[in-house]
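In the numbering used here, the protein residues as written are 19 to 145. From the three backbone atoms N, C-alpha and C, an ideal C-beta is built for every residue, glycine too. Notes for the one structure printed next.
Here you go:
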């Protein structure tokens, strides 16, 4: 909704090619629309990841990269982010259909590779 009308029109027709190339597995590919509609709210959201979106269908990687980079910067803009200040006993749930999860390593460390305060996470899926 924050993008210009011409950009929204362009994105509505694009299909992303996702790979796990950044994780050493270029063989697995998945395709999906660059924009998806939330099944409950009906609102559109970007379905693009700087780690997984390789290129747009019909575009080269070089052609796709500037647009993917631009869109990922939009996704990361503070106006669209939530930063939680953890306290003991907190439980957080989010809707993966319209949310990207990013856990920065900026919490206290007792030493290299030995977190003093670590996170314990469990994934739950609601049906």
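Leaving aside the five residues that flank residue 67 on each side, the residues in its chain whose CB is nearer than 8 Å to its CB run, in chain order, 36, 90, 118.
Going by DSSP, residue 26 is part of the alpha helix (DSSP H) stretching over 23-30. According to the DSSP assignment, residue 80 belongs to the alpha helix (DSSP H) that extends over 79-94. According to the DSSP assignment, residue 35 belongs to the beta strand (DSSP E) that extends over 33-38. The shortest C-alpha to C-alpha distance from residue 57 to any of 139, 140, 141, 113 is the one to 113.
At a Cβ-Cβ threshold of 8 Å, residue 52 and residue 65 count as neighbours. When secondary structure is reduced to three states using DSSP, residue 98 falls in the helix class. Here DSSP, grouped into helix, strand and coil, assigns residue 50 to strand. At a Cβ-Cβ threshold of 8 Å, residue 71 and residue 93 do not count as neighbours. Excluding sequence positions up to five before and after residue 116, its CB lies within less than 6 Å of the CB of 56, 63, all in the same chain and listed in chain order. Bounds of the beta strand (DSSP E) holding residue 71 are 71-74.
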